[in-house]
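Participant:
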Amino acid sequence: MLTRRRRYASRKEFLWPFIVMVFAGLIVVLIIQLILSFFEQKEAEMRAKANFYVDYGRGEIMEWGSENWIKAYNGGVVLDGDSIRTKSSSAGSLVFYNGTEARMAENTELTMDVLDNKGSRDILVLEVDKGEVFVSQLVNDMGYTEVTVKSGNFNVYAEGAQFDILNREDQAVRVLSGDVIVELVERTEGEDVVIDEIEVGVGQELFMSESDVADLIARTNMNFLQAITDEWKQGDFYLWNKGLEDGWYEGTEEVPEVDDGPVIDVTITTGTGTVETSDVPEDEVLEYEEPALVLTTPETNPYTLEGDQIYIIGTVSGYASKIIVTSYTEDGTASDYKLSLFEAGGTEWSYNAAYIYGNLHEGENEYVVTSYNYDGDEADSMTVTINVPEGTFEQELACTLSAPVVAQDTYDTSEGYVSVFGTIDCAYGIVVNGYSLSLFKAGDTTWSYTASLEFGNLAEGENTYEVYSVDKDGNKSESVYFTINYQPAAETGSGVSE
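Take the sequence shown: its letter number 312 is residue 314 in the numbering used here, and every next letter is one higher.
(1) Report back the beta-carbon spacing between residue 207 and residue 167 to the nearest angstrom; my notes put them in contact at under 8 Å.
(2) Could you tell me the boundaries of the alpha helix (DSSP H) in which residue 215 lies?
(3) Please classify residue 186: is it buried, with 16 or more other beta-carbons within 10 angstroms of its beta-carbon, or exposed?
(4) Am I right that residue 179 and residue 164 are in contact with their C-beta atoms under 8 Å? What's the rounded C-beta distance?
(5) For the alpha helix (DSSP H) holding residue 395, just list the boundary residues, first then last.
(6) Here's a check: name, in chain order, each residue in its chain whose Cβ is nearer than 8 Å to the Cβ of residue 107, leaving out the five neighbours to either side.
(7) Out of curiosity, what's the CA-to-CA distance linking residue 377 and residue 294?
(8) Rounded to the nearest angstrom, what separates residue 333 and residue 367 at their Cα positions?
(9) Are residue 320 and residue 292 closer than 8 Å when you measure CB to CB?
(10) Residues in its own chain within less than 6 Å of residue 470 by CB, not counting five upstream and five downstream?
(11) Less than 8 Å between the beta carbons of residue 181 and residue 161, yes or no?
(12) How many angstroms separate the CA atom of residue 170 from the CA atom of residue 213?
(13) Among the candidates 430, 446, 412, whose CA atom is the shortest distance from the CA of residue 467?
(14) So, is residue 449 buried or exposed, given that buried needs 16 or more other C-beta atoms within 10 angstroms?
(15) For the beta strand (DSSP E) that contains residue 201, what are its first and last residues?
(16) In three-state DSSP terms, what is residue 311?
(17) Does DSSP put residue 28 in a helix, a strand or coil?
(18) Quick check: the Cα distance between residue 80 and residue 34, rounded to an integer number of angstroms?
(19) Count the other CB atoms, across all protein chains shown, that sit within 10 Å of the CB of residue 324; report buried if there are 16 or more and exposed otherwise.
(20) Per DSSP, what kind of secondary structure is residue 233 in: helix, strand or coil?
(21) For residue 155, name the three-state secondary structure that DSSP assigns.
(22) Alpha carbon to alpha carbon, what distance is there between residue 476 and residue 505?
(23) Using a Cβ cut-off of 8 Å (strictly closer), state whether residue 183 contacts chain D.
(24) Measure the alpha-carbon distance for residue 420 versus residue 459 and round it to whole angstroms.
(25) Look at the Cβ atom of residue 339, then the Cβ atom of residue 395, and state whether they are nearer than 8 Å.
(26) DSSP has residue 434 in a bridge; who is on the other side?
(27) Given a threshold of 16 other Cβ atoms within 10 Å of its Cβ, counted over all protein chains shown, does residue 248 qualify as buried or as exposed?
(28) In angstroms, rounded to a whole number, what distance separates the CA positions of residue 486 and residue 196?
(29) Is the distance from the Cβ of residue 328 to the Cβ of residue 342 below 8 Å?
(30) Buried or exposed for residue 19, please, with buried defined as at least 16 other CB atoms from any protein chain shown within 10 angstroms of its CB.
(31) What is the rounded straight-line gap between the Cα of residue 414 and the Cα of residue 222?
(32) Taking the continuous alpha helix (DSSP H) assigned at residue 455, which residues delimit it?
(33) With burial defined as no fewer than 16 other Cβ atoms inside 10 Å of the residue's Cβ, what is the status of residue 406: buried or exposed?
(34) Tell me whether residue 247 sits in a helix, a strand or coil according to DSSP, three-state version.
(35) Going by DSSP in three states, residue 106 sits in which element: helix, strand or coil?
(36) Taking buried to mean at least 16 other C-beta atoms within 10 Å of its own C-beta, is residue 347 buried or exposed?
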């Protein structure tokens, strides 16, 4: 019995080290899991926020649930639902976890609707309420950010791209690199209607003026894609962003000098959160004199014009950040135009009204000139009236009415969208299936027409269209015809088109 007990005791002593090792291993595994969980949670928290840096000037933030704007400080945290805005002569940057940036021009306001993450993939939805934003997406070891931007009549989807969003009087999407898809959207109360989807290539821009937006909503024009203009590439905002991307921007900006006021020298280290100011306390706000408009040409107001063009010229005192002229068509439709040659703080302005531009017609023409102050708010306005006697623009075309020519007689499509082009020797107007082409002007030699399911002028199967031209009295030319065969792509069992 004694021998058996000793053997049993020796077995227990032999197992204890293994039991201790197992428990120790479990404890180590649990500790490692806790540490990993802690760091994963920490990383998730860092991915779920952005930091805002005031590159120069002033910025403000309105936190979710609040209705008050407060000063934004360098490196301040921005969360879901927060709104950020820059003031005049200011710029700021939203910086995300992997280094992706959304850089804001002056007088820009945006809301961060969504910032979520799924592993190394961050999901960002920005809404640009007004202004201009340059987005630089990065893909690196820290992950990548899927970016969606809602701006005016655009929904922009991008991956690994550099692109610019404009939402002021005009709207634009400009692509410098990467893949960008843009939805053209009609925003209605409670619902957004997608009119078209366009892939914008590198070096291209989608550009829409206010009149283009009206054409989009009316489904009368869909051709807004063009090459990026040299004028935009020569602008300060693009050059600033290019300097940051190329690495030659050293981060020093000077706030413009203001009459009868102090000068603020600002040294910025972009994205690090350091701003050093001198001469003026940090919270002091400069006072800018409100702008006041003066008309110099024409010398009288109202003015009678016996011609087809006039330059409306004037001066502005105080500080004007921009000047907008509103003109009206014969049916009363308003069209706003920002004077592109006027620079913030300038003193002279001019506006070209001409029959060929469509902003001057026979009868009474009213032009409302409005100046905007330093904060981008309406300040002073004036109305200039130009009267053009009836019959001033009556001109005879030095040619005989001819029939239009269609570039192609038959079109086959499965896309539900076709653009048709043609030429004409002499006409005052072009009519397609009873619709007068609004973009065609008397004397033009080319024309285009868009057939689309969205517009209601294209149906499944064979569609026949009649085209004729008219003279100034409404007389018709011979008709020509073209056909569009639309057969939607067949869908597989999974719902994917073949």
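In this text, a Cβ means the ideal position worked out from N, Cα and C, and glycines have one as well.
Facilitator: Based on what the coordinates show:
(1) Mapped onto the sequence shown, residue 207 falls at position 205. Mapped onto the sequence shown, residue 167 falls at position 165. The pair is not a contact, with the Cβ atoms about 11 Å apart (cut-off 8 Å).
(2) To locate residue 215, count along the sequence shown from 1; it is residue 213. Per DSSP, residue 215 belongs to the alpha helix (DSSP H) from 212-220.
(3) Here residue 186 refers to the residue found at position 184 when the sequence shown is read from its first residue. Its Cβ being crowded by 16 or more others within 10 Å, residue 186 is buried.
(4) Taking the first residue of the sequence shown as 1, we reach residue 179 at position 177. Taking the first residue of the sequence shown as 1, we reach residue 164 at position 162. Sure, about 5 Å apart at Cβ, within 8 Å.
(5) The residue labelled residue 395 in the question sits at position 393 within the sequence shown. Unbroken run through residue 395: none, as it is neither H nor E.
(6) Within the sequence shown, the letter at position 105 stands for residue 107. Excluding sequence neighbours, residue 107 sits near 88, 93, 133, 134, 135, 136, 239.
(7) Stepping through the sequence shown from its first residue, residue 377 is reached at position 375. Stepping through the sequence shown from its first residue, residue 294 is reached at position 292. Approximately 15 Å between the Cα atoms of the pair.
(8) In the sequence shown, counting from the first residue as 1, residue 333 sits at position 331. In the sequence shown, counting from the first residue as 1, residue 367 sits at position 365. Near 11 Å, if we compare the C-alpha coordinates of residue 367 and residue 333.
(9) Position 318 of the sequence shown, counted from the start, is the residue given in the question as residue 320. Position 290 of the sequence shown, counted from the start, is the residue given in the question as residue 292. Yes.
(10) Within the sequence shown, residue 470 is the residue found at index 468, counting from 1. The residues are 433, 478, 479, 481.
(11) Residue 181 sits at position 179 when you count from the first residue of the sequence shown. Residue 161 sits at position 159 when you count from the first residue of the sequence shown. Closer than 8 Å, so yes.
(12) Counting from one through the sequence shown, the residue named residue 170 turns up at place 168. Counting from one through the sequence shown, the residue named residue 213 turns up at place 211. Between residue 170 and residue 213, the C-alpha separation is close to 13 Å.
(13) For the purposes of this step, residue 467 is identified with residue 465 of the sequence shown, where counting begins at 1. Residue 467 has its Cα closest to that of 412, out of 430, 446, 412.
(14) Within the sequence shown, numbered from 1, the residue matching residue 449 stands at position 447. Looking at its Cβ environment, which holds 16 or more other Cβ atoms inside 10 Å, residue 449 is buried.
(15) Along the sequence shown, read from residue 1 onward, the residue named residue 201 stands at position 199. 193-202 is the span of the beta strand (DSSP E), which, as asked, contains residue 201.
(16) One-based indexing of the sequence shown puts residue 311 at position 309. The three-state secondary structure of residue 311, taken from DSSP, is strand.
(17) Mapped onto the sequence shown, residue 28 falls at position 26. In the structure shown, residue 28 sits in a helix (DSSP, three-state: H, G or I).
(18) The residue given as residue 80 occupies position 78 in the sequence shown. The residue given as residue 34 occupies position 32 in the sequence shown. Approximately 32 Å, taken between the alpha carbons.
(19) Here the question's residue 324 lines up with position 322 in the sequence shown. Classification for residue 324: buried.
(20) For the purposes of this step, residue 233 is taken as the residue at position 231 of the sequence shown. Three-state result, residue 233: helix.
(21) The count along the sequence shown starts at 1 and reaches residue 155 at position 153. Note: residue 155 maps to coil in three-state DSSP.
(22) The shown model of the chain, from 3 to 500, leaves out residue 505, and the question about it has no answer.
(23) Given the protein chain composition of this structure (a single chain), no chain D is represented.
(24) Taking the sequence shown and counting its residues from 1, one reaches residue 420 at position 418. Taking the sequence shown and counting its residues from 1, one reaches residue 459 at position 457. The alpha-carbon atoms of residue 420 and residue 459 are separated by roughly 11 Å.
(25) If you number the sequence shown from 1, residue 339 lands on position 337. If you number the sequence shown from 1, residue 395 lands on position 393. Cβ distance not < 8 Å, so residue 339 and residue 395 don't count as in contact.
(26) Here residue 434 refers to the residue found at position 432 when the sequence shown is read from its first residue. For residue 434, which the question treats as bridged, DSSP gives the partners 437, 469.
(27) As a working mapping, residue 248 is identified with position 246 in the sequence shown. So residue 248 ends up on the exposed side.
(28) Position 484 of the sequence shown, counted from the start, is the residue given in the question as residue 486. Position 194 of the sequence shown, counted from the start, is the residue given in the question as residue 196. Separation of residue 486 and residue 196 (C-alpha to C-alpha, rounded to the nearest whole angstrom) is 23 Å.
(29) For the purposes of this step, residue 328 is taken as the residue at position 326 of the sequence shown. For the purposes of this step, residue 342 is taken as the residue at position 340 of the sequence shown. The answer is no: Cβ separation not under 8 Å.
(30) Here residue 19 is taken as the residue at index 17 of the sequence shown, counted from 1. Counting Cβ neighbours within 10 Å, residue 19 comes out exposed, since fewer than 16 surround it.
(31) Here residue 414 corresponds to residue number 412 of the sequence shown, with the count starting at 1. Here residue 222 corresponds to residue number 220 of the sequence shown, with the count starting at 1. Using only the alpha carbons, I get a separation of about 21 Å.
(32) Taking the first residue of the sequence shown as position 1, residue 455 is located at position 453. No alpha helix (DSSP H) holds residue 455; DSSP gives it neither H nor E.
(33) Counted from its first residue, the sequence shown places residue 406 at position 404. Under this definition residue 406 is a buried residue.
(34) Locating residue 247 in the sequence shown gives position 245, counting from the first residue. Reduced to three states, the DSSP call for residue 247 is helix.
(35) Position 104 of the sequence shown, counted from the start, is the residue given in the question as residue 106. The answer is strand: DSSP assigns residue 106 an E or B state.
(36) Counted from its first residue, the sequence shown places residue 347 at position 345. Classification for residue 347: buried.
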